[in-house]
Amino acid sequence: MTPRSPGDVRNRLDFWQALSGACLALFICVHLVLEGSVVLSPSITNGIGWLLEVTYAAQIAAPLIVLLILFHFWIAARKMPFRAGELQIFVVHSKALREPDTWLWLVQVFTAVIILAGAFFHVYTVMTDMPITVAGSARRLHSGWLLFHAVFLPSIILHTGIGIYRLAVKFGVCRKSSRDRWRRAVWIGMGCYLALGVCALTRVWFIGC
Amino acid sequence: MGRKLTFEIFRYTPLDPASTPHMQQYTLEEHPSMTLFIALNQIREMHDATLQFDFCCRAGICGSCGMVINGRPGLACHTQTRDLQDHITLHPLPVFKLLGDLSVDTGTWFRNVGTKIESWIHTNKEFDPEAQEERMDNALANRIFELDRCVECGCCVAACGTARMREDFIGATAINRLARFYIDPRDNRTPADYYDLIGDDNGVFGCMGLLACDNVCPKQIPLQDQLGIMRRMSTLESVRGILPEFLRKKLQGCGHIEA
Amino acid sequence: MQTFYCDVLCMGAGLAGERVAVEAAQAGFKVICLSIVPPRRSHSSAAQGGMQAALGNSIMGEGDCPEIHFKDTVKGSDWGCDQEVARLFATTAPIAMREMAWMGVPWNRVVAGEHTYYKGGKPFQATEKAENEGLIHSRAFGGTAKWRTCYTSDGTGHAVLFTLDNRMLQLGVEVHDRMQAEALVHDGGHCLGCVARNLRTGELTGYFARATLIATGGFGRIYRATTNAVICDGGGQITALDTGIVPLGNMEAVQFHPTGTVPTDILVTEGCRGDGGTLLDVNEYRFMPDYEPEKAELASRDVVSRRMTEHMRKGFGVKSPYGEHLWLDIRHLGEQHITTNLREVYDICTHFLGVDPIRQLIPVRPTQHYSMGGVRVNKDGHAYGLEGLFAAGEAACWDMHGFNRLGGNSLAETVVAGRIVGKKIVEFLQGKDAGSFTARHMNAAAGAVRERIDALRRGTGEDCYALRNAMQDVMMEYVGIFRNGKDLQTGVNKLQEILERCKNMSLKGGGRPGPDGELAMALRVPGMVRLALCVAYGALMRTESRGAHAREDYPERNDKDWLTRTLAYWKEGDTLPTLKYEPATPFFILPPGDRGYGGGKIIPGESIVEDKLLPFGQDA
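Protein sequence lines correspond, in order, to chains A, B and C.
130 is the number that our numbering gives to position 127 of the first sequence; each next residue is one higher, with no gaps.
87 is the number that our numbering gives to position 71 of the second sequence; each next residue is one higher, with no gaps.
136 is the number that our numbering gives to position 124 of the third sequence; each next residue is one higher, with no gaps.
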C-alpha cells in the first residue's frame, strides 16, 4: 500500500463540503432573520438593505455566495445519484427500508437542484433591481415571483436544516444519546424559520397592494 | 390453531441455468415462539428442499442469517413471526454476491474489507511467554469489546444508501472495526496511518450520515458515533497544512476522550 | 477437479483450527483453512463464558496455580482423562491467555478495591489487590477450586475468534470458506489431504497437504435438543472414522449443559451460575443445595444436569407445551450486572424467549452441549493410525476432559491445544522432505465421493431430513442423560436400521446445480448415524457410570475394569463400530479418588504401582 499524501486534494473535498455547507447555513440563518425583520417594520428592513448597500457588503457578498453555492454543489455533487440507475436504486432502497433519514437524503438532493437554479435567479433579480427595498420586493412578488418563493423558501430551509443535522451526525456531534433532541431541535428550528418566512412574505405581499 | 403465515420468498440460483429470479409463495401454520429459523427450515424440510438459506448458531451470535425481512435487513434467527404481519416477504441481502435464494457471500466481502483496512493489531512488540501480560484499564477493555461485538452479518451494509450506490464503499462495519483499533493502546498506528486506510470517499468520507446502519444493527452497536469519531480524525488529517497545527491537535484529542 | 497444494490443511476454522493455522503460518508454512461457514461464524464464537487458566490475579483466584487447575480438571473428568495431557494443558494455559492478550483480546481486567460478588446467590464483599490492577481478571465456573475463568464480558469466544482471525488476515492465511470436507485422502499409512465439496458451486475440490488437521468441532447435531450450531454435525470425525484406521475416542462421553433454554435450546452461559444465579423448581424452591450441599449450582455440569433431571423426575419440574423444565434465577444480580456482564444472556432471553431476566425467571433444562469424544490423538495432537493427520479442539479426543469437561476448559483447550499441536505440526514438517503427491489416492477418494453423490441422485427412499430426524429421536429417547442397557440396546438396534435405510436415501429437490443445502445434508447423514452408533454402542458396552456417562443399571464408577478409554473403529461395510480399549492415562499424578461432588459409589481398582505414580513437576 502506498501511503496517501495528506495533501491529496480529493480527500479534502469532504472537509470543503462541510466547511462551505456550514458557511452557507450560517449565511442563510442570518439572511432569513434579516429578511424577517420586515414583519416588525418594513423600515428596519429597508435600513438594513441601505446599510449593506452603502458598505458594498451586498454587492460583494452576493456574487461570493453564488460562487460558494456553486462550489458547495460542485463538491457535494460527487455523492449525487447521477450515474445510470443510481437514483432508481436509491428510491427503491428508501421505499423498502422505511428509514426517515434515508428519505431525507433524497430531499437534500432535490432541494439542492432547486436551490442551485433558484439562487441564481434570486440573486440576479435582486442585483439588477437595486436598491434593496421592501417595496421592490413587493413589486417583484406581485409580478409573479410569489410562486418562486413558495418553492424556494421551503427548499432552502429544508436543505439548511437537514444539512446542519447531517453535519452534526457525520462529525459525531449529534450522538446516539442526543439524536432525538437534535432531531426535535432541527425540526422546530425549520418550523420557526418557515413561519418567519411566510409571515415576511405575507407582510411584503400586502405592502405591495 | 395459529395464524396462517404466507411467506413470499425471492428465488434465484445464478449457477442454475434453469433458474430465473422470481418470488415464490409458501404457507405455514404459526406456532408459539416461532422464529424465521424455524419457519424456513420447516419450508425446506416439508415443502421445498431446493430453498437455499444460511443459518449457523441460530442464536443471534454468528451473524450468518442476515436477510431482508419485509424490506429491512435483520437476522432471521432472532426475528419472531409473532412480531410480523401474516404476510412476510424475504429477500437476500443486497450488495453481497448472491449464491442462491436467500444465501449471499458475506465471507468473501468481509475478508476483502478486513485485509483492506488491515484489521489487526499493529505492534512491534514480540510476545514473551515468560512475561506478565501488559496491564490495561478494565473500562477501556470494555469499550474495546463494545466495538468488537460486531458479528459481521452485513445488515448495516445492506441498509446503507451509499453502499447500495457505490460498491467500493467499505461500510459502517469496517469503520467500526478500525475505531476499535483506534482506541486500543496495543495498536501503534497513528491517525495518519488510519487516514491512509480510510480517508477517502470509499472510506469514511463516503458516509452520508443516513443512520440506517445504526438503526438496523442487530447488536445495537453505536455505529454512527464511531463513524463520527473516525471522520473527525480523518478530516483533521486531511487538512494538515491548512488548519493551524495547534488547533488541529486540540480538535484531534476529542475522539479519544469521549466515545 | 481443481486441486490445491499446501503444507498444512486445517479442516475447520474455529478457534482450534485458526490457532494451529496461525502457529504454522508464523513458522513460514503455507496453510489453507477450510470452513463450512466464513471463519468468524464458527461455533467457537458462540462460547460466552470464558477460558480457564491459572493466572491467579483476582482475589478469588489468589494462590491458584497450574497444579490446582490440573487437579480440578482430573476430578472433573472423573479420572477418565489422560493426566499427562491435562498437566500439559494446565501449565500452558496461562501462557496461551497472555499470548491472546498480546494479539488483541480485550480480556476483562482486575479493578482494585472492594467489589460485591455473588456465591450461591448471596452477595459478599472482596477487595481486589492494588498491585494486580489491570491484569487479566477471572470469574467463577463450575467444578473449580478457584476463580480462574478469564473472560471478555460474555462474548469470550467471539472476542478470541475475531482476534485470531485478524491474526490470520495479517499472516495472509488462505481461507476457503463454504467448503465441506467429505473424505480424507490417504495411502493407508499417511494422510495426504482431503476431498471437499464447494458449497458455493457444488463442485468437488482436492487438497493435497503434508499435514492435515481436523478441527471441525463437535457432533451435537446427532441429538435433537442441542446447544450446538447447525454446522456441528461431526464432519471431521466422520472423515476420520471412514478411513477405518483412525479410531474415535470415548464417543459415549457426551455432556449435557444444565442451562439450555426452552424451547429454543440456546445456551445461557454457566457464568450465570458462576456469578450467583440459582436453579429453582416448580415451587420456586432452590433445590441444588439439598443434593450438593457444598458446590450447589456450581458442581460440575454432569452432576448438575443429572440432579436437575432427578428433581424433575420427582415431579418438581415446570410443565410446559415444550416439555418439563426448571427455572434459572438471575434477578437478584440486578439490571446493571445483567445488562453488562451478562448482556448476551439478556439478549437471548428477550429476543428468543420473550423473557426479561431482570424481572422474570428463565426456563432451562439440560441440553446436549459438548462432545468429550472425538478423533483420538496422542499428546502431540497426532492421530492414531495415520501419519500426518492431526486433530485439535472439540473434534479431538486429546484427552484432557475424560468423561466430563469443566466449563471454561474447552474454550481454553482450543487455543492451548492449538498452540501445542501447531508447534508439533511445525516440528513434524521441519523433520520431513517436501515429499511428492500422487494423484492416485486423490482420484480414488474423489471417485468415492462422486459415487455417493450419484447414489443419492438415484435413490428412491426417504429424504435426508426424515432420516436425520429419526436418528435424533433415537438419541434423545435412548441415549440421553441417564442410560440403561435395555434402552441402549434398543437405540443401537434402531440406529442400525436407520443406517440401512440411509443406503436408499433420496433427494427431494433433485440435486440442482449450484449450492444445494439438501445434498450437503444428505452427504452427512449416514456419517452422523455412524457417529451416533459409536456413542450408543460405546455407552452400551461401558458397564459403569463415569462423569457424563451415567448408567442406571451400573451406577458405580468402576476403576477396577473401566479406567480405560474406548476406541471406536469402523470397518468398511460394518453396521457397528469395533471397540478397543486403552488405559485412560499413561501414569497418575492424582490417583483415582472421590470428586467431592456428585455422590455415587466407586469400585476401587488395584492400587497403583509406584512407577506409575508421579509428582506434578516430574516427567515420566
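Glycine included, each C-beta is placed from N, C-alpha and C at the ideal position.
| query | How long is the line joining the alpha carbons of tryptophan 114 (chain C) and alanine 208 (chain B), rounded to whole angstroms? | reply | Along the third sequence, one-based indexing puts residue 114 (chain C) at 102. Along the second sequence, one-based indexing puts residue 208 (chain B) at 192. For tryptophan 114 (chain C) and alanine 208 (chain B), the distance between alpha carbons rounds to 23 angstroms.
| task | Note down the Cα distance separating glutamine 249 (chain C) from alanine 408 (chain C), rounded to an integer number of angstroms. | result | Numbered from its first residue, the third sequence carries residue 249 (chain C) at position 237. Numbered from its first residue, the third sequence carries residue 408 (chain C) at position 396. In a straight line, the C-alpha of glutamine 249 (chain C) is about 8 angstroms away from that of alanine 408 (chain C).
| said: Does phenylalanine 151 (chain A) come out as helix, strand or coil in the three-state DSSP assignment? | reply: Taking the first residue of the first sequence as 1, we reach residue 151 (chain A) at position 148. Correct three-state label for phenylalanine 151 (chain A): helix.
| task | Confirm, please, whether the CB-CB distance from phenylalanine 174 (chain A) to arginine 247 (chain B) is below 8 angstroms. | result | Residue mapping note: residue 247 (chain B) aligns to position 231 of the second sequence, counting from 1. Residue mapping note: residue 174 (chain A) aligns to position 171 of the first sequence, counting from 1. It is a contact, given that the beta carbons lie within the stated cut-off.
| task | Report the neighbours of cysteine 172 (chain B) on chain C: residues whose CB is nearer than 9 angstroms to its CB, in chain order. | result | The residue labelled residue 172 (chain B) in the question sits at position 156 within the second sequence. The premise fails here: cysteine 172 (chain B) is roughly 15 angstroms from chain C at the closest Cβ pair, so nothing lies under 9 angstroms.
| request: Just confirm the distance between the C-beta atoms of arginine 569 (chain C) and glycine 503 (chain C), as a whole number of angstroms; I'd bet it's less than 8 angstroms. | output: Translated into the one-based positions of the third sequence, residue 569 (chain C) becomes position 557. Translated into the one-based positions of the third sequence, residue 503 (chain C) becomes position 491. About 22 angstroms separates the two Cβ atoms, so there is no contact after all.
| query | If you measure from the beta carbon of glycine 177 (chain B) to each beta carbon in chain A, is any gap under 8 angstroms? | reply | In the second sequence, counting from the first residue as 1, residue 177 (chain B) sits at position 161. Chain A contact via Cβ: present.
| request: May I ask you to report which of helix, strand or coil DSSP gives lysine 331 (chain C)? | output: For the purposes of this step, residue 331 (chain C) is identified with residue 319 of the third sequence, where counting begins at 1. Looking at lysine 331 (chain C) - three-state DSSP - the assignment turns out to be coil, as it is neither helix nor strand.
| message | When you compare the CB of alanine 275 (chain B) with every CB in chain C, is at least one pair closer than 8 angstroms? | response | Locating residue 275 (chain B) in the second sequence gives position 259, where the first residue counts as 1. Per-residue confidence for alanine 275 (chain B) stands at a pLDDT of 36, beneath the threshold of 50, marking its modelled position as unreliable; the derived number appears in the next sentence. So no, alanine 275 (chain B) is outside the interface.
| field | Per-residue contacts from histidine 96 (chain A) into chain B (C-beta, under 7 angstroms) | value | On the first sequence, residue 96 (chain A) is found 93 positions in, with the first residue counted as 1. Under the 7 angstroms cutoff, chain B gives Gly177 and Arg180.
| Is there at least one Cβ from chain B nearer than 8 angstroms to glycine 335 (chain C)'s Cβ? | The sequence position of residue 335 (chain C) within the third sequence is 323, counting from 1. Output row for glycine 335 (chain C): interface = no.
| How many Å lie between tyrosine 593 (chain C) and methionine 412 (chain C) at the Cα? | Here residue 593 (chain C) refers to the residue found at position 581 when the third sequence is read from its first residue. Here residue 412 (chain C) refers to the residue found at position 400 when the third sequence is read from its first residue. Approximately 17 angstroms between the Cα atoms of the pair.
| Residue-level contact to chain B via CB, proline 603 (chain C), 8 angstroms cutoff | Along the third sequence, one-based indexing puts residue 603 (chain C) at 591. No, because no Cβ of chain B sits closer than 8 angstroms to the Cβ of proline 603 (chain C).
| query | Roughly how far, in whole angstroms, is the beta-carbon of alanine 124 (chain C) from the beta-carbon of glutamate 145 (chain C), given that I think they are within contact range, below 8 angstroms? | reply | Sequence index remark: in the third sequence, residue 124 (chain C) carries index 112 (1-based). Sequence index remark: in the third sequence, residue 145 (chain C) carries index 133 (1-based). Correct: roughly 4 angstroms between the Cβ atoms.
| task | Would you decide whether alanine 153 (chain A) is buried or exposed? Buried here means 16 or more other CB atoms lie within 10 Å of its CB. | result | Mapped onto the first sequence, residue 153 (chain A) falls at position 150. It is exposed - the Cβ of alanine 153 (chain A) has fewer than 16 other Cβ atoms within 10 Å.
| query | methionine 152 (chain B) CB to nearest chain C CB: under 8 angstroms? | reply | For the purposes of this step, residue 152 (chain B) is taken as residue 136 along the second sequence, with counting starting at 1. So, interface residue.
| request: Return the residues of the segment 39-63 of chain B that lie within a Cβ-Cβ distance of less than 8 angstroms from chain C, sorted by chain order. | output: Pro48, Ser49, Thr51, Arg60 and Glu61
| message | Using beta carbons (cut-off 8 angstroms, strictly below), is leucine 226 (chain B) in contact with chain A? | response | Mapped onto the second sequence, residue 226 (chain B) falls at position 210. It does: the Cβ of leucine 226 (chain B) has a partner Cβ on chain A nearer than 8 angstroms.
| task | Rounded to whole angstroms, what's the CA-CA distance from leucine 292 (chain C) to threonine 276 (chain C)? Just pull it up for me. | result | Here residue 292 (chain C) corresponds to residue number 280 of the third sequence, with the count starting at 1. Here residue 276 (chain C) corresponds to residue number 264 of the third sequence, with the count starting at 1. Roughly 20 angstroms separates the two Cα atoms.
| request: Taking only beta-carbon positions, decide if proline 145 (chain B) is within less than 8 angstroms of chain C. | output: Counting from one through the second sequence, the residue named residue 145 (chain B) turns up at place 129. So yes, proline 145 (chain B) belongs to the interface.
| request: Thinking alanine 174 (chain B) and proline 110 (chain B) are a contact (beta carbons under 8 angstroms), I'd like their distance in whole angstroms, please. | output: Against the second sequence, residue 174 (chain B) aligns to sequence position 158. Against the second sequence, residue 110 (chain B) aligns to sequence position 94. That pair is a contact at about 5 angstroms.
| The alpha helix (DSSP H) enclosing glutamate 79 (chain C), as first and last residue numbers | Along the third sequence, read from residue 1 onward, the residue named residue 79 (chain C) stands at position 67. From DSSP, the alpha helix (DSSP H) with glutamate 79 (chain C) extends over 78-88.
| field | Bounding residues of the alpha helix (DSSP H) (the contiguous stretch that carries glutamate 186 (chain C)) | value | Translated into the one-based positions of the third sequence, residue 186 (chain C) becomes position 174. That residue, glutamate 186 (chain C), is in no alpha helix (DSSP H); its beta strand (DSSP E) goes 186-189.
| Name the chain A residues that come within less than 9 angstroms of threonine 95 (chain B), Cβ to Cβ? | Counted from its first residue, the second sequence places residue 95 (chain B) at position 79. Those within 9 angstroms of threonine 95 (chain B) in chain A number zero; the least Cβ separation is about 16 angstroms.
| task | Work out the CA separation of valine 255 (chain B) and phenylalanine 262 (chain B) for me, nearest whole Å. | result | Within the second sequence, numbered from 1, the residue matching residue 262 (chain B) stands at position 246. Within the second sequence, numbered from 1, the residue matching residue 255 (chain B) stands at position 239. Cα to Cα, the separation comes out at about 12 angstroms.
| said: Is it the case that the segment 163-181 of chain C contacts the segment 216-233 of chain C, given that we only count it when at least three CB pairs across the two stretches are under 8 angstroms? | reply: no
| At what residue ranges does the segment 410-452 of chain C contain a whole run of the alpha helix (DSSP H), taking only runs of 4 or more? | 421-442
| message | Does chain A have any CB closer than 8 angstroms to the CB of leucine 32 (chain B)? | response | Here the question's residue 32 (chain B) lines up with position 16 in the second sequence. For the record, residue 32 (chain B) in the displayed sequence is aspartate; it is not leucine. Output row for aspartate 32 (chain B): interface = no.
| task | Run the CB neighbour count on threonine 5 (chain A), radius 10 Å, all protein chains shown included, and call it buried at 16 or more, exposed below. | result | The residue labelled residue 5 (chain A) in the question sits at position 2 within the first sequence. Because threonine 5 (chain A) sits at a pLDDT of 48, beneath the cut-off of 50, its placement in the model cannot be relied upon, and the following sentence gives the value as read from the coordinates. Exposed.
| chain B partners of arginine 178 (chain A), CB-CB under 9 angstroms? | Working through the first sequence from its first residue, we reach residue 178 (chain A) at position 175. Those within 9 angstroms of arginine 178 (chain A) in chain B are Pro238, Gln240, Asp241, Gly244 and Glu274.
| Per-residue burial, serine 649 (chain C) [other beta carbons within 10 Å of its own, 16 or more giving buried] | Nothing about residue 649 (chain C) can be reported from this structure: the residues present for chain C run from 13 to 632 only.
| query | With 16 other CB atoms within 10 Å as the buried threshold, where does histidine 272 (chain B) fall? | reply | For this step, residue 272 (chain B) is matched to residue 256 along the second sequence. In this prediction, histidine 272 (chain B) scores a pLDDT of 46, lower than 50, which makes its location untrustworthy; no coordinate-derived value is stated.
| request: Consult DSSP for phenylalanine 136 (chain C) and reduce its assignment to one of helix, strand or coil. | output: Counted from its first residue, the third sequence places residue 136 (chain C) at position 124. In the structure shown, phenylalanine 136 (chain C) sits in a strand (DSSP, three-state: E or B).
| When you compare only the Cα positions, how much space is there between leucine 91 (chain B) and methionine 83 (chain B)? | For the purposes of this step, residue 91 (chain B) is taken as the residue at position 75 of the second sequence. For the purposes of this step, residue 83 (chain B) is taken as the residue at position 67 of the second sequence. Rounded to whole angstroms, leucine 91 (chain B) to methionine 83 (chain B) spans 6 angstroms at the Cα level.
| Sheet register partners of tyrosine 382 (chain C) (DSSP bridge) | Residue numbering aside, residue 382 (chain C) sits at position 370 when the third sequence is read from its first letter. BP columns for tyrosine 382 (chain C) point to C:Gln267.
| query | For chain B, is any of its Cβ atoms less than 8 angstroms away from the one on glutamine 14 (chain C)? | reply | Position 2 of the third sequence, counted from the first residue, corresponds to residue 14 (chain C). Not closer than 8 angstroms to any Cβ of chain B, the Cβ of glutamine 14 (chain C) fails to qualify, so no.
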